[in-house]
Amino acid sequence: MPTVLITGANRGLGLEFARQYAEGGWEVVATVRTGNPELKELNVRVEALDMADLDAVAAFGERLDALDLLIANAGTYGPKEAASAEEARGWLDTLAVNTVAPYLLARSVLSLVERSRGKLVAITSKMGSIDDNSSGGFLAYRTSKTALNSAWRNLALDVGRSGIVAAVLHPGWVRTRMGGSAAPLEPQESVAGMRRVIEQLGPGHSGGFFNYDGSAIPW
7 MPTVLITGAN RGLGLEFARQ YAEGGWEVVA TVRTGNPELK ELNVRVEALD
57 MADLDAVAAF GERLDALDLL IANAGTYGPK EAASAEEARG WLDTLAVNTV
107 APYLLARSVL SLVERSRGKL VAITSKMGSI DDNSSGGFLA YRTSKTALNS
157 AWRNLALDVG RSGIVAAVLH PGWVRTRMGG SAAPLEPQES VAGMRRVIEQ
207 LGPGHSGGFF NYDGSAIPW
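Reading the sequence shown from the start, the letters are residues 7 to 225 in the numbering used here.
Written out as structure tokens, the structure reads:
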């Protein structure tokens, strides 16, 4: 039975990933900051992990015996601007959670994923595409996702010789607490699409930036 590690699994996309992979026969390790009764009903392994705690993130791989797939999903919006020192500190916190922690987590489980010749996936956003940015705003979130994309591309190049595939996925505009009620996509559709993309990822896709429907997104 393959094993998947999903961060930020207490709600939204993370919860839906946990549900679909559990239903698909995977062993699911779901990390949360706070519990959710829905998650407990899925018969998955729940582990506490705060992505802002970099020491805990760096040591997380020690909790696992095997891993085939990492889905680094947890994230935060952060301040929309950085016009004050306080907002700037919030920006740094956003970079820690959205960029540094996922990369550090990937490094912590690297030997396990190398053993299975598995995959490292980070959930990013089209808002992290410099090419797509024509409106500005959401400074902390945009820049943290741009940095995540770059870090994951670097990771893909570093681990490619080990047979590991690493890629970033945009889930679309999804009707979650983060996406809002106006979003056109339900979590079920977004996650089902991303699961298909993940399944089809091969060495030629490593280091890529893909939409939930499999189409490539410009950097």
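All C-beta atoms, glycine included, are put in the ideal place defined by N, C-alpha and C.
Computed from a predicted structure; not experimentally measured.
DSSP links glutamate 53 through a beta bridge to Thr37. Within the segment 119 to 157, the complete beta strand (DSSP E) runs of at least 3 residues fall at 125 to 129. At a Cβ-Cβ threshold of 8 angstroms, arginine 17 and arginine 183 count as neighbours. Counting along the chain, no beta strand (DSSP E) covers isoleucine 223, and no H or E run does either.
Cβ-Cβ separation between glycine 214 and alanine 222: approximately 6 angstroms, consistent with a contact (criterion under 8 angstroms). Look at the segment 195 to 224 and you find these whole runs of beta strand (DSSP E), each 3 residues long or longer: 215 to 217. Leucine 21 and leucine 45 do touch by the CB rule: their CB atoms are close to 6 angstroms apart, below 8 angstroms.
Residue range 9 to 12 is occupied by the beta strand (DSSP E) that includes valine 10. With a contact defined as Cβ atoms closer than 8 angstroms, alanine 24 and valine 50 qualify at about 5 angstroms.
The three-state secondary structure of alanine 172, taken from DSSP, is strand.
Across the structure, isoleucine 77 and alanine 91 are spaced so that their CA atoms are roughly 33 angstroms apart. Ranked by Cα distance from glutamate 53, the options Ile12, Gly143, Ala172 are led by Ile12. When the Cα atoms are used, alanine 64 and alanine 102 turn out to be separated by approximately 13 angstroms.
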